[in-house]
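Participant:
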Amino acid sequence: MTLTSAEPLRATSRRGGFARSPAADRLTRFAVIAVTVLALIYILLPVYWMVKSSFQTSFDIRAQPPHWIPREITFQAYKDMGYIIPIWRYILNSIYVSAAAALLATLIGASAAYVLARFRFPLMTLFLVMILATQLIPPITRAFPIYSAIQAAGLLNSYTGIIIAYAGFSLPFSVMLLRGYFMNNCPPDLEEAALVDGCTYFSAFWRIILPISLPGLAAVTIFTFLNAWNDFLWASLLLSQGEMKTVQVGIGDFSAEGGGGRYINLVMAACVTATIPALIMFLFVQRWLVSGLTAGSVK
Amino acid sequence: MATISLRNVRKKYGGFLAVPDLSLEVQHGEFVILVGPSGCGKSTLLRMLAGLESVTGGEIAIDGEVVNDRMPRQRDIAMVFQSYALYPHMTVAQNMGFSLKLDGRSKAEIAERVQEAAEILALDKLLDRKPAQLSGGQRQRVAMGRSIVRDPKVFLFDEPLSNLDAKLRVQMRAEIKSLHNRLKTTIVYVTHDQVEAMTMADRIVVMNAGQIEQVGTPLELYDRPRSRFVAEFLGSPAMNMLPGTLGGEGGATALRMEDGTTVPIPGVGIEAPAGREVVMGVRPENLSLARGGEGVEAVIDVVEPTGSHTLLIGRIGPHAVTCEIAGRVPVASGSRVRLAADPAALHFFDGESGARIEVRPLVAAE
Amino acid sequence: MERQKRLFCYLMVAPAVIFTFVLGLLPMITSLGWSFLEYDLIRVQQTGTPFVGLENYKEVLSDGRFVRSITNTFLMTGLVIAFAISLGLVLAHVMHSNYRGRAIVRVLICAPWFVPPVVAAAIWMWLLNTDRSPINALLMDMGLIDSNIRFLTDSSTWGPFSVPLLSVTAVRAWNGLPFIVIFILAGLQSIPRDLYEAADVDGGNLWHKFRYVTLPLLKPVLGVLIMLLLITGIGHFEINYIMTGGGPQDLTNVMAVYSYLQAFNFFRFDLASAAGGVILVLTGIICALYIRGQLKNRDDR
Numbered sequence: 020m021t022l023t024s025a026e027p028l029r030a031t032s033r034r035g036g037f038a039r040s041p042a043a044d045r046l047t048r049f050a051v052i053a054v055t056v057l058a059l060i061y062i063l064l065p066v067y068w069m070v071k072s073s074f075q076t077s078f079d080i081r082a083q084p085p086h087w088i089p090r091e092i093t094f095q096a097y098k099d100m101g102y103i104i105p106i107w108r109y110i111l112n113s114i115y116v117s118a119a120a121a122l123l124a125t126l127i128g129a130s131a132a133y134v135l136a137r138f139r140f141p142l143m144t145l146f147l148v149m150i151l152a153t154q155l156i157p158p159i160t161r162a163f164p165i166y167s168a169i170q171a172a173g174l175l176n177s178y179t180g181i182i183i184a185y186a187g188f189s190l191p192f193s194v195m196l197l198r199g200y201f202m203n204n205c206p207p208d209l210e211e212a213a214l215v216d217g218c219t220y221f222s223a224f225w226r227i228i229l230p231i232s233l234p235g236l237a238a239v240t241i242f243t244f245l246n247a248w249n250d251f252l253w254a255s256l257l258l259s260q261g262e263m264k265t266v267q268v269g270i271g272d273f274s275a276e277g278g279g280g281r282y283i284n285l286v287m288a289a290c291v292t293a294t295i296p297a298l299i300m301f302l303f304v305q306r307w308l309v310s311g312l313t314a315g316s317v318k
Numbered sequence: 016m017a018t019i020s021l022r023n024v025r026k027k028y029g030g031f032l033a034v035p036d037l038s039l040e041v042q043h044g045e046f047v048i049l050v051g052p053s054g055c056g057k058s059t060l061l062r063m064l065a066g067l068e069s070v071t072g073g074e075i076a077i078d079g080e081v082v083n084d085r086m087p088r089q090r091d092i093a094m095v096f097q098s099y100a101l102y103p104h105m106t107v108a109q110n111m112g113f114s115l116k117l118d119g120r121s122k123a124e125i126a127e128r129v130q131e132a133a134e135i136l137a138l139d140k141l142l143d144r145k146p147a148q149l150s151g152g153q154r155q156r157v158a159m160g161r162s163i164v165r166d167p168k169v170f171l172f173d174e175p176l177s178n179l180d181a182k183l184r185v186q187m188r189a190e191i192k193s194l195h196n197r198l199k200t201t202i203v204y205v206t207h208d209q210v211e212a213m214t215m216a217d218r219i220v221v222m223n224a225g226q227i228e229q230v231g232t233p234l235e236l237y238d239r240p241r242s243r244f245v246a247e248f249l250g251s252p253a254m255n256m257l258p259g260t261l262g263g264e265g266g267a268t269a270l271r272m273e274d275g276t277t278v279p280i281p282g283v284g285i286e287a288p289a290g291r292e293v294v295m296g297v298r299p300e301n302l303s304l305a306r307g308g309e310g311v312e313a314v315i316d317v318v319e320p321t322g323s324h325t326l327l328i329g330r331i332g333p334h335a336v337t338c339e340i341a342g343r344v345p346v347a348s349g350s351r352v353r354l355a356a357d358p359a360a361l362h363f364f365d366g367e368s369g370a371r372i373e374v375r376p377l378v379a380a381e
Numbered sequence: 023m024e025r026q027k028r029l030f031c032y033l034m035v036a037p038a039v040i041f042t043f044v045l046g047l048l049p050m051i052t053s054l055g056w057s058f059l060e061y062d063l064i065r066v067q068q069t070g071t072p073f074v075g076l077e078n079y080k081e082v083l084s085d086g087r088f089v090r091s092i093t094n095t096f097l098m099t100g101l102v103i104a105f106a107i108s109l110g111l112v113l114a115h116v117m118h119s120n121y122r123g124r125a126i127v128r129v130l131i132c133a134p135w136f137v138p139p140v141v142a143a144a145i146w147m148w149l150l151n152t153d154r155s156p157i158n159a160l161l162m163d164m165g166l167i168d169s170n171i172r173f174l175t176d177s178s179t180w181g182p183f184s185v186p187l188l189s190v191t192a193v194r195a196w197n198g199l200p201f202i203v204i205f206i207l208a209g210l211q212s213i214p215r216d217l218y219e220a221a222d223v224d225g226g227n228l229w230h231k232f233r234y235v236t237l238p239l240l241k242p243v244l245g246v247l248i249m250l251l252l253i254t255g256i257g258h259f260e261i262n263y264i265m266t267g268g269g270p271q272d273l274t275n276v277m278a279v280y281s282y283l284q285a286f287n288f289f290r291f292d293l294a295s296a297a298g299g300v301i302l303v304l305t306g307i308i309c310a311l312y313i314r315g316q317l318k319n320r321d322d323r
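Chains as they are written, first to last, in this note's numbering: chain A, 20 to 318; chain B, 16 to 381; chain C, 23 to 323.
1. With DSSP as the reference, identify every bridge partner of A269 (chain B), one or two as the case may be.
2. Using 8 Å as the threshold, is the C-beta distance between F291 (chain C) and F163 (chain A) below it?
3. If we ignore side chains and look at the alpha-carbon of each, how far apart do L138 (chain B) and P37 (chain C) end up?
4. Can you tell me whether T219 (chain A) is helix, strand or coil according to DSSP?
5. Whole angstroms is fine: what's the gap from V102 (chain C)'s alpha carbon to A144 (chain C)'s?
6. Quick one, which residues of the region 69-93 of chain B are near chain C if we go by CB-CB under 8 Å, in chain order?
7. Quick check on DSSP: helix, strand or coil for N255 (chain B)?
8. By the 7 Å beta-carbon criterion, what residues does the region 90-124 of chain B contribute toward chain A?
9. Going along chain B in order, which residues have a C-beta closer than 7 Å to the C-beta of E24 (chain C)?
10. Starting from G30 (chain B), find everything on chain C with Cβ-Cβ shorter than 8 Å and list it in chain order.
11. With a Cβ-Cβ cutoff of 8 Å, do F205 (chain C) and V243 (chain C) count as a contact?
12. Measuring alpha carbon to alpha carbon, tell me which residue in B:T71, B:A355 and B:H195 is nearest R22 (chain B).
13. Checking contacts by CB at 8 Å: is R108 (chain A) closer than that to chain C?
14. Near T21 (chain A), which residues of its chain fall below 7 Å by C-beta distance, leaving aside the five closest residues on each side in sequence?
15. Please identify, using Cβ separations under 9 Å, the residues of the region 273-291 of chain C that lie next to chain A, in order along the chain.
16. Report the start-end ranges of each alpha helix (DSSP H) in the region 207-282 of chain C that is 4 residues or longer and not cut off at the edges.
17. Of the residues B:A108, B:V344, B:I19 and B:K199, which one's Cα is nearest the Cα of V82 (chain B)?
18. Under 7 Å Cβ to Cβ from I80 (chain A), same chain only, skipping five residues before and after it: list those, please.
19. Less than 8 Å between CB atoms is the rule here; does A238 (chain A) satisfy it with respect to chain B?
20. So, for L207 (chain C): in the same chain, excluding its five sequence neighbours on each side, which residues have a beta-carbon less than 8 Å away from its beta-carbon?
21. Along chain A, which residues have their Cβ under 9 Å away from the Cβ of A133 (chain B)?
22. Nearest chain C C-beta to G296 (chain B) closer than 8 Å, yes or no?
23. Considering only residues of the same chain and omitting the five flanking positions on each side of R90 (chain C), which have a CB-CB separation below 7 Å?
24. Mind listing, in chain order, the continuous beta strand (DSSP E) runs of no fewer than 3 residues lying wholly within the region 182-228 of chain B?
25. Return no unless some Cβ of chain C is closer than 8 Å to the Cβ of G66 (chain B).
26. Find the residues of chain A that neighbour S53 (chain C), judging by a C-beta separation of less than 7 Å, and give them in chain order.
27. Inspect the beta-carbon positions of I159 (chain A) and A142 (chain C) and report whether they are closer than 8 Å.
28. Look at L136 (chain B) and G160 (chain B) and say whether their C-beta atoms are less than 8 Å apart.
29. Are there 16 or more other CB atoms within 10 angstroms of the CB of G298 (chain C), so buried, or fewer, so exposed?
30. Taking the C-alpha atoms as reference points, what is the distance between P134 (chain C) and P200 (chain C)?
31. Comparing the C-beta of I227 (chain A) with each C-beta of chain B, is any distance below 8 Å?
Spelled out as C-alpha cells, the structure:
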C-alpha cells in the first residue's frame with residue numbers, strides 16, 4: 020500500500036487547524052466504549068449460551084422463561100452426548116479429513132508458491148492468476164459439476180474424495196499466503212548458497228527453504244485445517260452417510276430443532292466439543308493473523 | 016587451483032544487454048578483483064561464473080572445461096555472499112559441513128575438515144552456535160569457512176565485506192589476503208570499493224556498463240589508467256580533472272579552460288594537435304605548492320589536516336581541485352596559492368571519448 | 023541449465039495448477055455449459071441433455087422466486103457490509119489501541135471465527151426461536167414487547183425488508199465480523215504513527231484524527247475488503263441454508279440457496295447451473311469494476 024500521507028493533513032490545516040477539545044474526546048471515547056460493550060454482547064452471547072446450555076440439566080434447560088444462569092451445573096450432557104451422536108467418531112473423521120487436506124494443500128501449495136515467488140518462467144503469470152482467481156469463484160457455482168465428477172469417479176462418501184476437494188479449495192489461499200511468506204522471509208541468497216554448496220533446485224527447496232519456513236508453513240496448515248474443519252456445504256454433499264460424516268454434518272442433523280428438541284443440552288455439549296479443536300488451532304495462528312491474512316491482497 | 020576463461024560472454028535480461036561482449040583470462044592461483052560502480056555488470060559476471068545466472072552467448076571455461084550448461088553444484092566452486100547466506104536452522108558446524116554432507120562424505124571426514132577450517136578462521140569455539148548468535152564478523156568468517164572446507168577449484172566473493180564496519184573491514188581484508196597466500200586458490204572477488212581492490216588484488220578488472228575498461232595490476236592501473244573512467248575510479252581522494260583546450264606556443268604547451276584560465280604544461284609533448292578538447296588529470300598527491308611565478312593559481316576553500324597529510328580543497332579557474340601534501344602547510348582557507356605538478360605525473364584524456372592520450376617528455380625542447 | 027530450471031518450475035507448479043484447474047476452472051466452465059442444456063436428473067435417461075440455448079436463463083429470470091432471491095442477495099450483502107464494516111472500524115480501533123487486557127479482548131472479538139458456522143447456526147437458531155428465545159424473554163421482562171418476535175418465521179414485510187431477513191443478516195454479520203476487524207486492523211497498523219503525532223501537534227481531537235487521517239488512508243484497504251465481501255456475499259450459501267432454507271415464503275432466499283435447491287431438491291441441474299451462471303456473471307462484473315477502479319487509481323497517481 021502506498022500512502023500519500025501529507026494530503027489529508029494539509030487539507031485540515033488549511034482550515035486553520037483543529038479546535039482541540041477534551042470534551043469532544045471524552046464523548047468520542049465514551050461512544051466507542053459503549054459500542055464496544057454492545058458489540059461484545061452481540062459477539063459473545065451465542066458463545067455464552069452454548070457453553071452455559073451444555074452444563075445445564077435437561078430439565079433446567081427447558082425452563083420458561085429461560086434461565087440466563089444455570090441453577091445447577093452438570094457434566095451429564097458431555098457424558099450422554101455420545102448416545103445421540105457418535106460425536107467422537109465424527110470428530111476423528113473431521114480431524115483425519117481436515118489434517119490430510121491441510122497437509123496436502125500446504126505441500127502442493129508451498130511447491131507452487133515457491134517457484135511463483137522466486138522464478139520467472141513462461142506462463143507463470145497465467146498460472147498465478149489462474150490459481151488466485153479460483154478463490155473468487157463462488158463455491159455454489161462449482162458444486163454440481165464437482166459433485167457429479169466425484170460421483171462418477173466413485174469417490175462419493177469416501178474420505179479420499181473430500182480430502183481432494185478440500186485440498187483443492189484451500190490451495191489458492193495457501194499459495195497466496197506462502198508466496199508472500201517466501202518473498203518476505205526467504206532471501207534468494209540462501210538457496211543460491213545451497214546451489215553452490217551442491218544442492219539441486221529441488222534439494223535446495225527441500226533442505227533449506229522448507230525448514231526455515233516452518234512457522235509460515237505451520238500457520239498455513241492450521242488455516243487450511245480450520246477451513247476444512249468448519250466446512251458444511253461440501254461435507255454434506257460428498258460425505259453424508261452413516262459413520263463417516265464429519266462433525267459439522269453430524270451436528271447439522273440435530274441443529275434444525277431450534278432449542279426445542281429433547282436433547283438440546285447434548286447437542287450443545289457436542290457443539291462445545293466441536294469448537295474446542297478449532298479454538299486451539301485458532302490460538303496457534305492468532306499472532307499470525309494480521310500479517311498473514313492480508314499479505315497477498317493488500318499491497 | 017584453476018584457470019578461468021571467459022570468451023565473448025554476453026548476458027541479456029529481456030531486451031536489456033547487461034554484458035555485451037566480454038573476454039577475460041584468469042591464471043592459476045590468481046586473486047582477481049572485479050570492481051566498478053553498481054550496475055556495471057560485475058555481480059552479473061560473478062553469478063554467471065557461479066552458474067546462478069545463465070549465459071546468453073559466449074563461453075565460460077573453468078580449467079579448460081566449458082561449464083556454460085553446468086549447474087552450480089557441478090562447477091566445483093565456492094561462493095561467499097554479501098549477506099553471508101548462512102542457513103539459519105543449522106549450527107556453524109552444520110553450515111560448514113553442508114556441502115560435504117551433500118557430497119556423501121563420511122561423518123568423521125566432515126568433522127575433521129570442519130575442525131581444520133574452523134581453526135584456520137578461529138571459529139573452533141563457535142561450532143555449536145546458530146548463525147543468529149554470532150556477530151557480523153563471525154558470520155563473515157563462517158561464510159568463508161563454508162567455502163574453505165570444500166577445497167574448491169575457485170573461490171567467488173560477492174562484496175563480502177560491505178556489511179562490516181570500517182575497522183572490521185580493514186582487518187578482514189588482511190585476513191582474506193593472507194588466506195589466499197596460504198591456500199593459493201584462484202579467487203574472483205567483486206567489490207565496488209576501490210580500496211579493497213587496490214589492497215588485495217593481484218590483478219584488477221575495472222568494469223563499466225557491462226564492459227571491461229582496463230585489466231592490470233593495481234599499480235599499473237593507478238599509474239597508467241587507460242581511460243578517464245579508470246583514472247577517476249581508482250585512488251582516494253580522486254584524481255583532479257581539468258577540462259580544456261590544448262594550445263600554447265609550439266604545439267601543446269598549455270591548457271586553456273573555458274573561462275580563459277591558462278595552465279602551462281611544461282616539459283611534456285602531447286601527441287595531439289593544438290585546439291583539441293582534452294581533460295588533464297593529476298592525482299592530489301602529485302600536486303605541490305609552487306614558489307614564485309611557477310604553476311597555476313588556485314583558490315583554497317577548505318584546509319583539512321589529517322595529521323600525516325594536509326588536504327587543500329579549492330578551485331583552479333572554475334574547476335574543483337584537491338591537493339594532498341605530506342606534513343603540514345601554513346595555508347589558510349580563502350587564501351590563494353600557486354600549485355605545480357611533476358610533468359611526468361600528468362595524465363591526458365580525450366575530451367569526448369575519455370581515452371588516454373599518450374604523452375612523452377620533451378627533452379630539451381628549448 | 024535454463025532448461026533444468028524451467029523443468030523444475032513446471033514440475034513444482036503442476037500439482038497446484040492441475041488441482042485448481044480440475045476443482046476450480048473446469049467445474050465452473052462445466053456448470054456454465056450445463057446452463058445451456060436441458061439437464062433434468064429425473065428425465066435424463068429418456069431425453070439426454072439437448073442444447074436449449076438461453077431457455078434456462080429465461081426460465082429462472084422469469085421465476086418470481088429467483089428474482090426475489092436476487093433482491094435478497096444484494097440487500098443482505100449490502101446490509102452485512104454496511105453494518106459489519108461500521109462496527110469493524112470501531113472494533114479494529116479498540117484492538118489497535120493500547121490498554122491492559124487487550125490480548126483477551128482480541129481473542130473475544132475473534133470468537134465467531136473459531137465457532138464453526140454449523141454450530142453458530144445451531145445456537146443462533148435457538149437464540150432466535152420464537153418461543154424459546156432468551157432475547158424475547160429479556161425484552162418481555164423489560165416490557166419492550168408484548169408478544170414474542172418471530173425472528174425467523176414472521177412473514178410480514180415492509181417493502182423488501184422483513185424480520186427474518188434482518189435476523190439472518192445479523193447472523194451473517196456476526197459470522198463475518200472477525201475477518202473484517204482483522205483486515206481493517208492490518209490496514210490501521212500500516213498507518214505511520216507520526217501522522218497521528220502530526221495531527222496532535224495540529225490540535226486535532228480523536229474524531230478529527232479518524233476523519234482526516236485514518237479514513238482517507240484506510241480507503242484502499244476498505245476498497246479491497248468491500249470487494250471481497252461483495253464477492254463472497256453474492257455467492258453466500260451456508261448460513262441462509264441452514265437457518266431458514268430460504269424461508270419463510272422466500273423472504274431469506276438468496277441466489278446460492280435457490281441454485282442448491284433446484285439441484286438437490288428438484289434435480290434440475292440445468293436451472294441450478296443457470297442460477298449459478300447469473301451469480302458468476304454478477305461476480306465477474308464486480309471484479310471487472312474493481313480492477314478498472316484500481317487501474318484508474320494507479321493512472322491518477
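Cβ coordinates follow ideal geometry from the N, Cα and C atoms, glycine included.
Facilitator: Taking the definition as stated:
1. In the DSSP secondary-structure assignment, A269 (chain B) is bridged to B:G262 and B:P279.
2. yes
3. 44 Å
4. coil
5. 20 Å
6. S69, N83, D84, R85 and M86
7. strand
8. I92, A93, M94, F96, S98, A100, Y102, P103, H104, F113, S114, L117 and D118
9. From the beta-carbon of E24 (chain C), the residues of chain B found nearer than 7 Å are S69.
10. Within chain C, no residue comes near G30 (chain B); the closest Cβ sits about 17 Å away, beyond 8 Å.
11. yes
12. Looking at B:T71, B:A355 and B:H195, the one whose alpha-carbon comes closest to that of R22 (chain B) is B:T71.
13. no
14. Unreliable positioning characterises T21 (chain A) in this predicted model, as indicated by a pLDDT of 39, which lies under 50. The coordinate reading is nonetheless provided below. Within the same chain, and ignoring the five residues on either side of T21 (chain A) in sequence, no residue has its Cβ closer than 7 Å to its Cβ.
15. M277, A278, V279, S281, Y282, A285, F286 and F291
16. 215-223, 228-231, 237-256 and 260-265
17. B:I19
18. Here the set comprises S72, I283 and N284.
19. no
20. A114, M117 and H118
21. Per Cβ cutoff of 9 Å: no residues; A133 (chain B) is ~17 Å from chain A at best.
22. no
23. D272 and N275
24. 201-206 and 218-223
25. yes
26. T160, R161, F163 and P164, listed in chain order.
27. no
28. yes
29. buried
30. 7 Å
31. yes
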